[in-house]
Amino acid sequence: MAREKDRKAYRERELNGQELRPETLMMGYGYDPSLSEGSVKIPIFQTSTFVFRSAEEGKAFFELAYGLREQRPQEEPGLIYSRINNPDLEVLEDRLTLWDGAEDGLVFASGMAAISTTVLSFARPGDVVVYSEPIYGGTEFLLDRILPQFGIARVPFRAGVEGALEAALEEARPRGRVAMILLETPANPTNALVDIAATAKLAGRLKDGQGRRPIVAVDNTFLGPLWQQPLRHGADLVLYSLTKYVGGHSDVIAGGCLGSQELIAPVRGMRTILGTMPDPFTAWLLMRSLETLKLRMTASMKSARYVAEFLADHPKVKRVFFLGLLAEDDPQRAIYQRQCSGPGSTFSFEVHGGEAEAFRFLNALRHVKLAVSLGGTESLAEHPATMTHSDVPPEVQAKIGITPAMVRISVGVEHPEDIIADVAQALAAV
Ligand SMILES: Cc1ncc(COP(=O)(O)O)c(C=O)c1O
19 MAREKDRKAY
29 RERELNGQEL
39 RPETLMMGYG
49 YDPSLSEGSV
59 KIPIFQTSTF
69 VFRSAEEGKA
79 FFELAYGLRE
89 QRPQEEPGLI
99 YSRINNPDLE
109 VLEDRLTLWD
119 GAEDGLVFAS
129 GMAAISTTVL
139 SFARPGDVVV
149 YSEPIYGGTE
159 FLLDRILPQF
169 GIARVPFRAG
179 VEGALEAALE
189 EARPRGRVAM
199 ILLETPANPT
209 NALVDIAATA
219 KLAGRLKDGQ
229 GRRPIVAVDN
239 TFLGPLWQQP
249 LRHGADLVLY
259 SLTKYVGGHS
269 DVIAGGCLGS
279 QELIAPVRGM
289 RTILGTMPDP
299 FTAWLLMRSL
309 ETLKLRMTAS
319 MKSARYVAEF
329 LADHPKVKRV
339 FFLGLLAEDD
349 PQRAIYQRQC
359 SGPGSTFSFE
369 VHGGEAEAFR
379 FLNALRHVKL
389 AVSLGGTESL
399 AEHPATMTHS
409 DVPPEVQAKI
419 GITPAMVRIS
429 VGVEHPEDII
439 ADVAQALAAV
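First residue of the sequence shown? That's 19 in our numbering, and the numbers climb one at a time after it.
Now the structure itself:
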């Protein structure tokens, strides 16, 4: 197909034998301007459906999209209908794979659409999903309250606790086939880490009679794709809320799933039927955001370190959960050094006191916005126990370290001294 032949030239990843870096490729990878009147930027293909040049072509496109026959040599999927494929989604997916070194990828209407579509692609009634806690409240709700209604059980384990995963797998195995081990590392909101390579090794030992082993999927929203790349540590799939750092401006909701072509294929089929893909404009906005991703994530991480150090020295602050401040003898530090290349810019801290003190701090902020979400250009703060994680039962919150005195902050790209000035005056109100 001409479209794909031409796009291949725009998938060049080398220059004079030198591998181009992802930040360079974000400006044009996968897009051929000559197919769109020379437009430097990819247009928004705001269309629900695509014209076939002939009935035979339409038939061939459908055969391939619905897996009715094998792909022929040199044959690429054709454009059919925007629930199945769309140029904005395809080019975005090509670019997203670059940071994580993934073979293939898919984008979704939200992070939750990515997570639920992916879990439903691999778990069947009678199966068990083992997952790390704390985990984003929406994911917890899916695993704890929705999937059991479809006969899919779940066994959580506490991130950052030695032997907890092994114990959870022991508990899970008599209950059914462990279809997936789902990690959120660092965990929202405590930044607790799970060793991805060790998890992949354990999963490799759990083959069933048909040679299937649990899929290791990692929600990489907090540090990815810049500061942690789970596929390089043995994960099978990496999941994203692209709403956060990748979108980066608090103006889109989207998600992603990356991995091998073999594992992405069933997720693609599930996404087509559930209809959990994003719209073309969302994909276009995400491509625009990807161009500045490294700049934004680098700037906000630098500021976050200043803010974390300021908080750690403040008398009204009890504890700071910033990955860049892990103690030398903390076993989490060894995991951090092995699998992360930076601490990111979202972390929690506890004030002395409880909910009342945390609320006083949040209500006194003047520049930093009191809002959930993270990874945007603007700094945001929230109260995990009563907001993002309010659907986690209180006894589970207590067990996994989400306390009433905890505040989560996502540091943006403002001047760090302005953020610190705001945090300082808000702490004075505590
Ligand atoms: C770690 C993590 N994963 C997934 C999600 C869900 O993403 P979305 O809101 O895009 O559905 C969130 C949202 O806050 C999150 O923090």
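Each residue gets a CB set at the ideal place from its N, CA and C atoms; glycine is no exception.
*Tell me which same chain residues have a C-beta within less than 7 Å of the C-beta of Y354, skipping the five on either side of it?*
L211, L341, L344
*Tell me where the beta strand (DSSP E) around S366 begins and ends.*
364 to 369
*Taking only heavy atoms of ligand 1 into account, decide whether any of them is closer than 7 Å to the Cβ of D50.*
no
*asked:* Let me confirm a value: A132 is counted as buried when at least 16 other C-beta atoms fall within 10 Å, else exposed. Which label applies?
replied: buried
*Residue span of the beta strand (DSSP E) that contains E150, given as start and end*: It should be pointed out that residue 150 corresponds to Ser in this sequence rather than to Glu. Unbroken beta strand (DSSP E) run through S150: 146 to 151.
*Just the C-alpha distance for E189 and V173, rounded to the nearest angstrom, thanks.*
7 Å
*Where does M305 sit, in a helix, a strand or coil, going by DSSP?*
helix
*Looking only at C-alpha atoms, which of G76, P61, L445 sits nearest to F68?*
G76
_Comparing C-alpha positions only, which one of D112, E111, P166, S150 sits nearest to L138?_
P166
*asked:* Is V206 a contact residue of ligand 1, with contact defined as CB to any heavy atom under 7 Å?
replied: Here residue 206 turns out to be Asn, not Val, going by the sequence shown. Yes, since a heavy atom of ligand 1 falls inside the 7 Å radius drawn around the Cβ of N206.
*So what does DSSP say about D162, is it helix, strand or coil?*
helix
*Between which two residues does the beta strand (DSSP E) carrying F175 extend?*
171 to 176
*When the distance is taken between beta carbons, is D254 closer than 8 Å to V234?*
yes
*For M19, name the three-state secondary structure that DSSP assigns.*
Because the pLDDT at M19 is just 34, under 50, the model does not fix this residue reliably, and the value given afterwards should be weighed accordingly. M19: coil per DSSP, three-state reduction.
*Taking 7 Å as the line, does the beta carbon of I102 fall inside it for any heavy atom of ligand 1?*
no
_Spatial distance of G274 from L260 (CA atoms)_ = 6 Å
_Residues near P422 in its chain [Cβ-Cβ closer than 6 Å; skip 5 each side]_ = G372, E373, A403
*Could you spell out where the beta strand (DSSP E) holding Y324 opens and where it closes?*
Counting along the chain, Y324 falls outside any beta strand (DSSP E), though it belongs to the alpha helix (DSSP H) covering 311 to 330.
*asked:* Mapping the DSSP letters down to three states, classify A405 as helix, strand or coil.
replied: In the sequence as presented, Ala is not what sits at residue 405; that position holds Met. DSSP places M405 in coil when its eight states are reduced to three.
*asked:* Between R289 and T157, how many whole angstroms is the CB-CB distance? I'm expecting something under 8 Å.
replied: Not a contact, Cβ separation roughly 18 Å.
*Expressed to the nearest angstrom, what Euclidean distance is found between the alpha-carbon atoms of F339 and A205?*
11 Å
*Close-in-space but distant-in-sequence residues of the same chain around V80 (CB under 6 Å, 5 per side omitted)*: Here residue 80 is Phe; the residue named in the question, Val, does not match the sequence. Same-chain partners within the cutoff: there are none.
*Compute the beta-carbon to beta-carbon distance between V236 and I214, rounded to the nearest angstrom, for a pair I have assumed lies under 8 Å.*
6 Å
*State yes or no: is the C-beta of S134 nearer than 7 Å to some heavy atom of ligand 1?*
no
_Is the beta carbon of S307 closer than 8 Å to that of H267?_
yes
*asked:* Taking the alpha-carbon of A197 as reference, which of T203, G222, A182 has the nearest alpha-carbon?
replied: G222
*Near A444, what residues of its chain come up, given a Cβ to Cβ distance below 6 Å and the 5 sequence neighbours on each side ignored?*
F379, A382, L383
*Identify every residue that forms a DSSP beta bridge with F126.*
G273
*On the three-state DSSP scale, how would you describe K387?*
strand
*Between the C-alpha atoms of E88 and L114, what's the straight-line distance to the nearest angstrom?*
26 Å
*Coarse secondary structure for I60, derived from DSSP in three states*: coil
_Classification of E239 by the beta-carbon crowding that lies within 10 angstroms, buried from 16 upward_ = First, the residue type needs correcting, since residue 239 is Thr and not Glu in the sequence shown. Its Cβ being crowded by 16 or more others within 10 Å, T239 is buried.
*Taking the C-alpha atoms as reference points, what is the distance between K334 and V441?*
11 Å
*asked:* ligand 1 and E396: does the residue's C-beta get closer than 7 Å to at least one heavy atom of that ligand?
replied: no
*Looking at C-alpha atoms only, which residue of Y28, D297, R71, F140 is the closest neighbour of S52?*
Y28
_Residue of S66, A446, S72 minimising C-alpha distance to Y99_ = S66
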